[in-house]
Amino acid sequence: MTDVHQTIVQQTIATLREALGDAQVLTGQAISQRHYSDWTRHAPACPAALILPRDTQDVSTALRICNAAKQPVVPQGGMTGLAGGAVPTSGDIALSLDRLRGIEEIDVAAATVSVWAGTTLQEIQQAVADAGYLFPLDLGARGSCQIGGNIATNAGGNAVIRYGMTRELVLGLEVVLADGRVLNLMNKMIKNNCGYDLKQCFIGSEGTLGVITRAVLKLAPQPGETTTLLCALPNYPSAVALLRRIQREAGTPQAYELMWQDFFRMGVSWLENPVPPMSDQHPLYVLLESSARRDVLEQVLDDAVGAGEVVDAVLASSHAQARSLWKIREATGEFPTRLAPLNFDISLPIGQIGDFAQLCRARLEQRWPGNRSVYFGHIGDSNLHLTVDCHSLPQPAPVLEIEELVYSAVGELGGAVSAEHGIGLLKRDFLHHSVSDEALAVMHQLKSCFDPNGILNPGKVLG
Ligand code: FAD
0 MTDVHQTIVQ QTIATLREAL GDAQVLTGQA ISQRHYSDWT RHAPACPAAL ILPRDTQDVS
60 TALRICNAAK QPVVPQGGMT GLAGGAVPTS GDIALSLDRL RGIEEIDVAA ATVSVWAGTT
120 LQEIQQAVAD AGYLFPLDLG ARGSCQIGGN IATNAGGNAV IRYGMTRELV LGLEVVLADG
180 RVLNLMNKMI KNNCGYDLKQ CFIGSEGTLG VITRAVLKLA PQPGETTTLL CALPNYPSAV
240 ALLRRIQREA GTPQAYELMW QDFFRMGVSW LENPVPPMSD QHPLYVLLES SARRDVLEQV
300 LDDAVGAGEV VDAVLASSHA QARSLWKIRE ATGEFPTRLA PLNFDISLPI GQIGDFAQLC
360 RARLEQRWPG NRSVYFGHIG DSNLHLTVDC HSLPQPAPVL EIEELVYSAV GELGGAVSAE
420 HGIGLLKRDF LHHSVSDEAL AVMHQLKSCF DPNGILNPGK VLG
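Just so we're aligned: 343 in numbering that gives the first Met the number 0 is position 344 of the sequence shown, and the numbers increase by one with no gaps anywhere.
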């Protein structure tokens with residue numbers, strides 16, 4: 000930062016303190032390290048200041064002041080993001096939604112909940128469960144991530160196949176624009192075709208177009224008992240055929256998690272009691288959760304075995320057995336301690352995921368013989384995760400080269416370089432593999448329209 004820039008930042012901080020009070024504008028050591036980086040721990044930096052607004056008006060005042068000074072602002076939620084979207088530089092001012100927290104209203108008739116953006120996902124899930132509803136968004140970071148962050152990243156998670164991504168669960172928003180104007184889009188109605196649906200611009204925009212302060216969310220009925228089923232499959236097309244069979248005959252499952260053999264074996268080997276629930280010689284395994292009646296599920300399974308789609312299966316007969324099957328899939332939670340993981344979150348049309356995994360594996364093997372990569376995913380949502388273990392590569396690990404290899408293969412097969420984690424900083428330079436020049440140009444135009452001074456989360460999503 001130049002001396003002139005430093006002086007402008009200090010003046011802006013003084014103006015913010017005057018307008019909001021000292022307790023709402025922290026600097027230096029008063030800023031917790033939690034605000035230096037997100038879950039990726041990418042490029043941690045103490046921001047020039049941290050604003051902690053108490054309400055929408057504070058957010059509006061803060062943005063108006065920063066916009067007038069052309070001061071970059073980084074919106075921050077629970078800091079669990081996996082794309083570097085909430086990471087500040089030392090010249091940025093971070094704006095945390097931590098204090099905009101709480102449930103405003105559960106409307107039982109409309110089946111909606113109105114919340115402040117800083118409310119954690121888990122708090123929302125619990126509050127609506129007490130009222131007899133389900134808020135179906137669910138992900139591992141539920142205890143720390145905030146609904147504002149979930150909306151800003153259009154988060155996916157465990158139940159997308161049944162309920163959709165965050166975008167499908169948001170009915171209304173309140174957003175503060177870069178110049179401080181407050182857009183009240185707090186709608187509870189399912190049908191509302193009054194002009195452009197502006198809220199959609201902010202969902203998935205990763206804090207680059209506006210700051211989300213409140214939201215109206217759609218609720219679902221609580222599901223009944225579910226059954227957990229692990230199936231071994233002979234090949235990838237069987238995974239797609241089985242999914243469509245289940246949807247036809249037993250309804251859409253709550254979860255449909257595909258694991259390639261290498262992932263399955265690794266997950267089993269990390270169990271306390273590393274005994275596979277079935278032979279570990281099959282090419283693919285699917286773990287699924289369904290709320291269909293057990294006898295219906297058994298019939299589907301019989302039919303699938305008869306059609307050659309399933310070669311072995313375990314239908315959990317107790318909650319404990321279901322948990323132990325899920326433990327294999329939850330091996331991902333141990334990646335950071337057991338591997339040096341380079342994780343990819345990508346999407347491809349479901350019919351092409353098997354080919355992609357084969358292509359990617361072959362290219363990685365050709366370039367770095369003997370490397371270790373594992374494949375798994377929510378394929379019902381067209382979402383594949385792949386993890387390359389950097390321990391198995393020459394050091395220092397050629398991260399950029401691996402990313403280029405994977406993302407260019409995604410582009411070749413018409414896929415998306417981000418399925419659910421967003422673009423942030425970490426995928427920004429690969430966006431062109433999935434987005435055309437024309438679409439990128441329109442994204443830049445949209446950014447200039449909402450944020451002409453470019454103060455909101457500069458450098459994220461778009462370069
Ligand atoms: P942050 O990390 O604080 O911010 C993320 C982005 O949103 C940033 O660009 C930030 O600027 C912006 N932002 C935050 N709040 C606001 C706001 N109020 N207004 C405007 N912009 C804002 N993600 C999935 O999609 N599916 C998963 O299954 C999943 N599982 C995870 C499991 C674990 C263990 C962890 C650590 C993360 C997981 N994630 C998953 C990633 C992460 O939890 C999500 O991206 C989540 O939505 C981020 O929410 P957050 O509040 O932590 O946002």
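C-beta atoms are modelled at their ideal positions from N, C-alpha and C, and glycine is treated no differently.
Being a predicted model, the structure only gives us computed values, none of them experimental.
In the three-state scheme derived from DSSP, where H, G and I count as helix and E and B as strand, Q394 is classed as coil. In the same chain as G223, and ignoring 5 residues on each side of it, the C-beta atoms closer than 6 Å to its own belong to S290, in chain order.
Under the DSSP assignment, Q75 falls outside any alpha helix (DSSP H), being part of the beta strand (DSSP E) whose first and last residues are 72-75.
The beta carbon of N186 is closer than 7 Å to those of L170, G171, V215 in its chain, skipping five residues each way along the sequence. Below 8 Å, too few C-beta pairs join the region 38-49 and the region 198-210 to call them touching: fewer than three.
Pairwise C-beta distances place the region 65-85 out of contact with the region 20-31, as fewer than three of them are shorter than 8 Å. Going by DSSP, R362 is part of the alpha helix (DSSP H) stretching over 352-366. Excluding the 5 residues flanking it on each side, T60 has same chain C-beta neighbours closer than 6 Å at A18, in chain order. The ligand FAD never approaches M258 closely enough for any of its heavy atoms to be under 6 Å from the residue's Cβ. For C448, the enclosing alpha helix (DSSP H) begins and ends at 436-449. Between L425 and A82, the CB-CB gap stays under 7 Å.
The residue among R366, V409, A415, H384 with its C-alpha nearest the C-alpha of P393 is R366. For T88, the CB contacts under 7 Å within the same chain, skipping 5 residues up- and downstream, are A44 in chain order. In the three-state scheme derived from DSSP, where H, G and I count as helix and E and B as strand, N66 is classed as helix. Comparing C-alpha distances from W259 to each of Q253, A158, I378, L314 shows the shortest one belongs to I378. Counting along the chain, P340 sits inside the beta strand (DSSP E) bounded by residues 340-346.
Following the DSSP letters along the chain, one finds R180 in no alpha helix (DSSP H), marked with neither H nor E. Taking every protein chain shown into account, the CB of K459 has 16 or more other CB atoms within 10 angstroms, so this residue is buried.
Shortest gap from the CB of N149 to any heavy atom of the ligand FAD: under 6 Å. Scanning its chain for C-beta atoms nearer than 6 Å, with the 5 sequence neighbours on each side dropped, one finds around G179 the residues S59, L62, R63, in chain order. Judged by DSSP secondary structure, W38 falls outside any beta strand (DSSP E); it is assigned neither H nor E. By the criterion of a C-beta distance shorter than 8 Å, W325 is surrounded in its chain by T227, L286, once the five residues flanking it on both sides are discounted. The continuous alpha helix (DSSP H) containing A303 extends over residues 293-305. Between L412 and Q357, the gap from beta carbon to beta carbon reaches 7 Å or more. Inter-segment contact for the region 311-319 and the region 255-270 is absent: fewer than three beta-carbon pairs are separated by less than 8 Å.
Between L257 and A231, the beta carbon gap of about 12 Å keeps them out of contact (Cβ cut-off 8 Å). If you draw a 10 Å sphere on the C-beta of R213, you find 16 or more other C-beta atoms in it, and that means buried. Rounded to the nearest whole angstrom, the CA to CA distance from G163 to Q121 is 18 Å. In the DSSP annotation of this structure, the continuous segment of the alpha helix (DSSP H) that includes H318 starts and ends at 318-328. Rounded to the nearest angstrom, the gap between the Cα atoms of K69 and N149 is 27 Å.
Distances from the alpha-carbon of L133 to those of S95, L168, A438 put L168 closest. DSSP places C230 in the strand class (E or B) of the three-state scheme. L168 sits in a helix when the DSSP states are folded into three classes. H384 is bridged by DSSP to D344, F375.
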